[in-house]
Amino acid sequence: MPLVRIDIRKHPDPEHIQKLGQIVYQAMRDTINVPDHDNFQILTEHDGNRLVNDPEYLGIRRSEGQVFIQITLNEGRTTEQKKMLYQTIAKGFNEAAGVRMEDVFISLVEVKRENWSFGNGIAQYAE
Amino acid sequence: MPLVRIDIRKHPDPEHIQKLGQIVYQAMRDTINVPDHDNFQILTEHDGNRLVNDPEYLGIRRSEGQVFIQITLNEGRTTEQKKMLYQTIAKGFNEAAGVRMEDVFISLVEVKRENWSFGNGIAQYAE
Amino acid sequence: MPLVRIDIRKHPDPEHIQKLGQIVYQAMRDTINVPDHDNFQILTEHDGNRLVNDPEYLGIRRSEGQVFIQITLNEGRTTEQKKMLYQTIAKGFNEAAGVRMEDVFISLVEVKRENWSFGNGIAQYAE
Numbered sequence: 073m074p075l076v077r078i079d080i081r082k083h084p085d086p087e088h089i090q091k092l093g094q095i096v097y098q099a100m101r102d103t104i105n106v107p108d109h110d111n112f113q114i115l116t117e118h119d120g121n122r123l124v125n126d127p128e129y130l131g132i133r134r135s136e137g138q139v140f141i142q143i144t145l146n147e148g149r150t151t152e153q154k155k156m157l158y159q160t161i162a163k164g165f166n167e168a169a170g171v172r173m174e175d176v177f178i179s180l181v182e183v184k185r186e187n188w189s190f191g192n193g194i195a196q197y198a199e
Numbered sequence: 073m074p075l076v077r078i079d080i081r082k083h084p085d086p087e088h089i090q091k092l093g094q095i096v097y098q099a100m101r102d103t104i105n106v107p108d109h110d111n112f113q114i115l116t117e118h119d120g121n122r123l124v125n126d127p128e129y130l131g132i133r134r135s136e137g138q139v140f141i142q143i144t145l146n147e148g149r150t151t152e153q154k155k156m157l158y159q160t161i162a163k164g165f166n167e168a169a170g171v172r173m174e175d176v177f178i179s180l181v182e183v184k185r186e187n188w189s190f191g192n193g194i195a196q197y198a199e
Numbered sequence: 073m074p075l076v077r078i079d080i081r082k083h084p085d086p087e088h089i090q091k092l093g094q095i096v097y098q099a100m101r102d103t104i105n106v107p108d109h110d111n112f113q114i115l116t117e118h119d120g121n122r123l124v125n126d127p128e129y130l131g132i133r134r135s136e137g138q139v140f141i142q143i144t145l146n147e148g149r150t151t152e153q154k155k156m157l158y159q160t161i162a163k164g165f166n167e168a169a170g171v172r173m174e175d176v177f178i179s180l181v182e183v184k185r186e187n188w189s190f191g192n193g194i195a196q197y198a199e
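Residue numbers (the numbering used here), protein chains in the order written: chain X, 73 to 199; chain D, 73 to 199; chain L, 73 to 199.
This is the structure in structure tokens:
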């Protein structure tokens, strides 16, 4: 159910952004109970000057390599779960894809369970 | 007021994605009381490996032809209306644009009425 | 914290869309208490037929030059603040970037404070 949008500057490795998507999917399964196979993502690479990020907001030193992640998901996760999700994504990006932890920007948008159709025109999660 | 984002893999017919947008607009008018002329959409085609979809989540067989639809709209529609919307979009895509019903992925994001400006810097829907 | 997405038709001036982003950032600081340096944006230019807008909904005469702005931000701003934001963006676009006020479309998506990580895998705004 989460719909994940990842936006990065153009990267020399054409598979880099897919690797990032895979790490986000794994982190959601490990920390916020996203089911196996619930993996839907829109990955976009941009020219450098099309992503704007402040290089020091909140004292965090960001680079040109910042990754924007916006996840639309069902409401109901606790703040503790969200914190675990952020930490797991940032650590995963750093360890498995060479992204600086400072460069991981995450935004969550929460919606109701009946706000999804996964195919066939049916609201699979509605009561 | 709905803002519709449609994301698909590059399609040989350059007008295909616009046809999909037209079907979504018509379905919103028919099922969730969207007014005539309230039609605002951002349509994007992607390279194939930039859209990630699980080919079997919830037992639905998805293909490379999956269409991602995300609609930002005012809160207040009932679950019944949402179900009608999903069904009408999926049937319309299938009958008028040759999209498999399994390949229709829909996500709704609900907002308050004062969260829109349709031009001139005015909040046309605010009380 | 706001994440700003701006979508426009391809513009002859390659810096036009960045100028628009700068005006939105300044307007958010001036009207809805967005802090200095809190500036994160995804700017996208599209082929003309990929942005759909009705040319007369609500009696507003829109052109091909319409700008779509979608801002994800923390909940809690008053309707008065939102009205000031819309007005300030539309006036700023008109005066500083030559955009018709009729062509400024704005959509806000509100989220909880714990729904953000600005880097390092931490929920900087969570209680």
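For glycine and all other residues, C-beta sits at the position ideal for the given N, C-alpha and C.
- Message: Quick check on Gln94/D - is its C-beta less than 8 Å from some C-beta in chain X?
- Response: At a cut-off of 8 Å, the C-beta of Gln94/D has no neighbouring C-beta in chain X.
- Query: Of all the options His88/D, Arg77/D, Ile78/D and Met73/D, which has the alpha carbon lying nearest to the alpha carbon of Gly170/D?
  - Reply: Nearest C-alpha to Gly170/D: His88/D.
- Message: Which residues in chain L have a C-beta closer than 8 Å to the C-beta of Ser135/D? List them in chain order.
- Response: One finds nothing in chain L with a Cβ atom closer than 8 Å to the Cβ of Ser135/D; even the nearest lies about 23 Å away.
- Item | Outcome for Gly120/X when other beta-carbon atoms lying within 10 angstroms are tallied against a minimum of 16 | The residue is exposed, with fewer than 16 neighbouring Cβ atoms inside 10 Å.
- Please decide whether Tyr129/L counts as near chain D, where near means a Cβ-Cβ distance under 8 Å. With 8 Å as the cut-off, Tyr129/L counts as an interface residue toward chain D.
- With DSSP as the reference, label Ile114/L as helix, strand or coil. Residue state for Ile114/L is assigned as strand, using DSSP reduced to three classes.
- Return no unless some Cβ of chain D is closer than 8 Å to the Cβ of Phe112/X. Yes, contact with chain D.
- Item | CB contact check: Ala198/L to chain D, cutoff 8 Å | Not an interface residue.
- Item | Cβ of Ala168/L within 8 Å of any chain X Cβ | Not an interface residue.
- Could you give the C-beta distance for Asn146/X and Glu199/X, rounded to a whole number, given that I count them as a contact under 8 Å? 13 Å between Cβ atoms; not a contact.
- Message: Can you pull out the residues from the segment 175 to 196 of chain D whose beta carbon lies closer than 9 Å to at least one beta carbon of chain X?
- Response: Going along the segment 175 to 196 of chain D in chain order, one finds Asp175, Val176, Phe177, Ile178, Ser179, Leu180, Val181 and Glu182 with a Cβ nearer than 9 Å to chain X.
- Alpha carbon to alpha carbon, how far is Val76/L from Gln196/X? A straight line joining the alpha-carbon of Val76/L with that of Gln196/X spans about 31 Å.
- Task: Just grab the DSSP bridge partners of Thr144/D for me.
- Result: Paired residue(s): Leu75/D and Val181/D.
- Select from Gln138/L, Thr150/L, Ile132/L and Ile104/L the residue whose C-alpha is nearest the C-alpha of Asp175/L. For the options Gln138/L, Thr150/L, Ile132/L and Ile104/L, the alpha carbon positioned closest to that of Asp175/L is the one of Gln138/L.
- Message: Is it buried or exposed, Lys154/X, if we count other Cβ atoms within 10 angstroms and call 16 or more buried?
- Response: Per the 10 Å Cβ criterion, buried.
- Beta carbon proximity, Met100/X to chain L, threshold 8 Å: Cβ-Cβ to chain L under 8 Å: no for Met100/X.
- Task: Could you tell me whether any Cβ in chain X is nearer than 8 Å to the Cβ of Asn121/D?
- Result: So, interface residue.
- Can the beta-carbon of Asp126/D be found less than 8 Å from the beta-carbon of Phe140/X? Not in contact: Asp126/D and Phe140/X (Cβ atoms no closer than 8 Å).
- Return the residues of the segment 148 to 167 of chain D that lie within a Cβ-Cβ distance of less than 8 Å from chain X, sorted by chain order. In summary, the residues of the segment 148 to 167 of chain D whose CB is separated from some CB of chain X by less than 8 Å are Thr151, Lys154, Lys155, Tyr158, Gln159, Thr160, Ile161, Ala162 and Lys163, in the order they occur in the chain.
- Message: Between Thr144/X and chain D, is the shortest Cβ-Cβ distance under 8 Å, so that the two count as touching?
- Response: The beta carbon of Thr144/X sits closer than 8 Å to some beta carbon of chain D.
- Look at the alpha carbon of Met115/L and the alpha carbon of Val124/X, and state the distance between them as a whole number of angstroms. Residue identity differs from the one stated: residue 115/L is Leu in this sequence, not Met. The alpha-carbon atoms of Leu115/L and Val124/X are separated by roughly 8 Å.
- Could you tell me which chain B residues have their CB closer than 7 Å to the CB of His109/D, listed as they occur along the chain? Absent here is chain B; the protein component of the structure consists of chains X, D and L.
- Apply the 10 Å Cβ neighbour rule to Gly131/L and answer buried if 16 or more other Cβ atoms are within range, or exposed otherwise. Burial call: exposed.
- Provide the residue span of the beta strand (DSSP E) that contains Val42/L, from first to last. The requested residue 42/L is not part of the displayed model; chain L covers only 73 to 199.
- Query: Mind checking if Met173/D is an interface residue toward chain X, Cβ cutoff 8 Å exclusive?
  - Reply: Yes, Met173/D lies at the interface with chain X (some Cβ there is under 8 Å from its Cβ).
- Would you please state the rounded distance, in angstroms, between the beta carbons of Glu136/X and Arg81/X? I believe it to be under 8 Å. Sure, about 6 Å apart at Cβ, within 8 Å.
- Query: Which bits of chain D does Ile132/L rub up against, with CB to CB less than 8 Å?
  - Reply: Within chain D, the residues near Ile132/L are Phe190, Gly191 and Asn192.
- If the cut is a Cβ gap below 7 Å, which residues of chain D does Asp79/L touch? Going along chain D in sequence order, the residues near Asp79/L (Cβ under 7 Å) are Ile114.
- Message: Using the Cβ count rule (16 or more neighbours within 10 Å means buried), how would you classify Glu167/X?
- Response: It counts as exposed.
- Listing by chain order, which chain X residues have their CB less than 9 Å from the CB of Gln90/L? Listed by position along chain X, the residues whose Cβ is nearer than 9 Å to that of Gln90/L are Asn121, Arg122 and Val124.
- Item | From Ile78/L, Leu157/L and Asp110/L, residue whose alpha carbon lies closest to that of Arg134/X | Of Ile78/L, Leu157/L and Asp110/L, the residue nearest in Cα terms is Asp110/L.
- Item | Presumed contact (8 Å Cβ cut-off) between Asn187/D and Leu157/L, rounded CB distance | Their Cβ separation, rounded to whole angstroms, is 10 Å, which puts Asn187/D and Leu157/L out of contact at 8 Å.
- Provide the residue span of the beta strand (DSSP E) that contains Leu123/D, from first to last. Where Leu123/D is concerned, the enclosing beta strand (DSSP E) stretches over Leu123 to Asn125.
- Message: Would Ile95/X and Gly164/X be called neighbours here (beta carbons separated by less than 8 Å)?
- Response: Contact: yes.
- Residue closest to Gln142/X, alpha-carbon to alpha-carbon, out of His83/X, Asp108/X, Arg149/X and Gly93/X: When only C-alpha atoms are compared, the closest one is Gly93/X.
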